[in-house]
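When we follow this note's numbering, the leftmost residue of the sequence shown carries the number 113, and every step to the right adds one.
For each residue, glycine too, the CB sits at the ideal point set by N, CA and C.
Note that this is a predicted model, so its numbers are computed, not measured.
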Amino acid sequence: MNKSEQAQEKAKDVFTTYKGVVDKTFESINQSVPRYHQSIANTQQEMLKAMENSVEFTIQAQKEFAAKAGIPTTLPETGLRAIKDTADGYVKMAGIGNQIALAAIDATQAGIKNVSENVKAYNDLSQTTVRSWITAFGITN
């Protein structure tokens with residue numbers, strides 16, 4: 113069989129075809145991932161900005177209403193401190209929550225990497241086993 117015939121035979125091989133399809137699929141997915149990441153980040157930023165604007169506008173409207181209605185807006189120092197302490201506590205709690213979430217993501221990534229390494233090791237073992245059987249049973253091409 114000449115090289116041209118071998119190339120044609122290989123092109124008809126189901127595993128070569130399947131590998132090509134799988135490679136093309138993952139290449140397409142890998143190209144779209146950065147766009148998804150950027151789109152998600154942009155959406156989060158827009159949502160945070162919208163929420164911030166909403167709160168600011170609400171505070172401004174309440175302040176204006178209180179001023180026009182003659183509602184007193186002063187609080188004793190202890191009340192102001194309680195508000196500030198509550199906000200500080202929330203910020204600390206959110207920071208801890210973010211650290212936990214990031215640690216969980218890191219652990220998940222490490223787990224996925226381990227799975228990938230285990231699949232490779234299992235595949236290597238399987239290939240070695242098949243080669244041993246082929247040798248043991250004297251199978252030739």
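C-alpha distance - residue i paired with residue j, whole-angstrom precision
i, j, result
"residue 232", "residue 211", "32 angstroms"
"residue 131", "residue 225", "22 angstroms"
"residue 209", "residue 202", "10 angstroms"
"residue 248", "residue 241", "10 angstroms"
"residue 252", "residue 245", "11 angstroms"
"residue 235", "residue 229", "10 angstroms"
"residue 54", "residue 217", "This structure does not reach residue 54, given that the chain is present from 113 up to 253, and the question cannot be answered."
"residue 196", "residue 187", "12 angstroms"
"residue 160", "residue 166", "10 angstroms"
"residue 215", "residue 206", "14 angstroms"
"residue 172", "residue 164", "12 angstroms"
"residue 190", "residue 200", "15 angstroms"
"residue 174", "residue 204", "27 angstroms"
Nearest-angstrom Cβ-Cβ length linking residue i and residue j, presumed shorter than 8 angstroms
i, j, result
"residue 178", "residue 170", "Contact doesn't hold; Cβ gap of about 12 angstroms is too wide."
Practice item. Output the residue ranges of the alpha helix (DSSP H) runs that lie fully inside the segment 143 to 217 and measure 4 residues or longer, sorted by chain position. Key: Counting whole runs of 4 or more residues, the segment 143 to 217 contains no alpha helix (DSSP H) stretch at all.
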